[in-house]
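Each residue of the sequence shown is one higher than the last, beginning at 1237 in my numbering.
The C-beta atom is built at its ideal place from N, Cα and C for all residues, glycine as well.
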Amino acid sequence: MGAYYDEIEIEDMVWDAEKRVFHYPCPCGDRFEISRRQLADYEDIATCPSCSLIIRVIFDPLDFEDEPDDDDDGDAVESEVDGKSDSEDDDDEAFEDALDKLTISEDAAPRPIAAAA
């Protein structure tokens, strides 16, 4: 492939949730774009849709290895933005349910339990 216009770290790019791409300004006035799915597939070339310039994106592929397919409805990205995944939400609900069912009796003496070594 030809020369890169520049090498940009993923942290310097901006996530566009509507288009579901990271973008970075291009000198032509448009934006270089690369999707999370491309990053998960170890692709590191962001292209500008308006001109022939390309940039190399510097990122850790392990950060994107568990990406859902692009045809998903976007719940994973939205929940990631909230800081919790769907499975973490389920774990929180199960924990809250367990707390609701927990009863502590003050008149019961502690019981020893057997533990296998």
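Check	Outcome
Does the Cβ of residue 1257 have 16 or more other Cβ atoms within 10 Å, making it buried, or fewer, making it exposed?	buried
Which residues bound the alpha helix (DSSP H) around residue 1276?	1272-1276
Please classify residue 1264 as buried or exposed, where buried requires at least 16 other C-beta atoms within 10 Å of its C-beta.	exposed
How many angstroms separate the CA atom of residue 1286 from the CA atom of residue 1298?	30 Å
Determine the closest residue to residue 1260 out of 1278, 1276 and 1241, with distance taken between C-alpha atoms.	1241
Ends of the beta strand (DSSP E) at residue 1294?	1290-1294
With a threshold of 7 Å on Cβ separation, who are the neighbours of residue 1251 within its own chain once the five nearest residues in sequence on each side are excluded?	1258
Around the C-beta of residue 1294, are 16 or more other C-beta atoms found within 10 angstroms, so that it is buried, or is it exposed?	exposed
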